[in-house]
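**Q**
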Amino acid sequence: MTAQPKAEPDPRTPTAGYRTDDPLSVTAWLAADQHAAPDRCLYRALLREVIDPELGVNIVDLGLVYDIRVADDVAHIRMTLTTPGCPLGAYLDDEVRRCLWGAPGVADVDVQVVWDPPWRPEMMSDRARAQLGWKP
Numbered sequence: 001m002t003a004q005p006k007a008e009p010d011p012r013t014p015t016a017g018y019r020t021d022d023p024l025s026v027t028a029w030l031a032a033d034q035h036a037a038p039d040r041c042l043y044r045a046l047l048r049e050v051i052d053p054e055l056g057v058n059i060v061d062l063g064l065v066y067d068i069r070v071a072d073d074v075a076h077i078r079m080t081l082t083t084p085g086c087p088l089g090a091y092l093d094d095e096v097r098r099c100l101w102g103a104p105g106v107a108d109v110d111v112q113v114v115w116d117p118p119w120r121p122e123m124m125s126d127r128a129r130a131q132l133g134w135k136p
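The numbering of the sequence shown is the UniProt record's numbering, which starts it at 1 and goes up by one.
1. In three-state DSSP terms, what is M124?
2. Suppose you measure from the CA of V96 to the CA of V70; what does that come to, to the nearest Å?
3. Looking at the unbroken alpha helix (DSSP H) that takes in A90, where does it start and where does it end?
4. Hey, V57 and L132: beta-carbon distance below 8 Å or not?
5. Could you check where the beta strand (DSSP E) with R44 kicks off and where it finishes?
6. Just tell me which of D94, P104, T82, K135 has its CA closest to the CA of P117.
7. Return the chain-ordered list of same chain residues with a C-beta closer than 7 Å to the C-beta of C99, the five sequence neighbours on each side being excluded.
8. Quick one: Cα of G89 to Cα of D108, how far?
9. Could you compute how far the alpha carbon of L92 sits from the alpha carbon of D67?
10. Should V114 go down as buried or exposed, given a rule of 16 or more other Cβ atoms within 10 Å for buried?
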């Protein structure tokens, strides 16, 4: 029995070129099944790939993502930053768009940065606290 060659990813798929060579990447899993029913858990998982470069922790576990809604193929993300003067606002906005653009059910991404409620360290997950060396 001869092994079948692995099919090359279709460059037209929404996640083509987004870390699909990393078997642990959510986008690799997503690329395998483009017809899966989209839901908030999927989008939240995709957003876990957005890492705050100052802290080395993803924005979901940091508690920066307040709401994810998809309507009419537009992902509406309500999120905050750790401080109003955070120099990474534009970077994180771009990364959120990059991770979600082209996911199932998403043709466009709208990111709204809000300050209410203000971010507090208590909003972090236990995993984020552990990564930062804080007590869970």
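In this text, a Cβ means the ideal position worked out from N, Cα and C, and glycines have one as well.
**A** Answer, in terms of the structure:
1. Here M124 sits in coil by DSSP.
2. Using only the alpha carbons, I get a separation of about 14 Å.
3. 89-100
4. The answer is yes: Cβ separation under 8 Å.
5. According to the DSSP assignment, R44 belongs to no beta strand (DSSP E) but to the alpha helix (DSSP H) extending over 40-47.
6. T82
7. L46, L47, E49, V50
8. 19 Å
9. 15 Å
10. exposed
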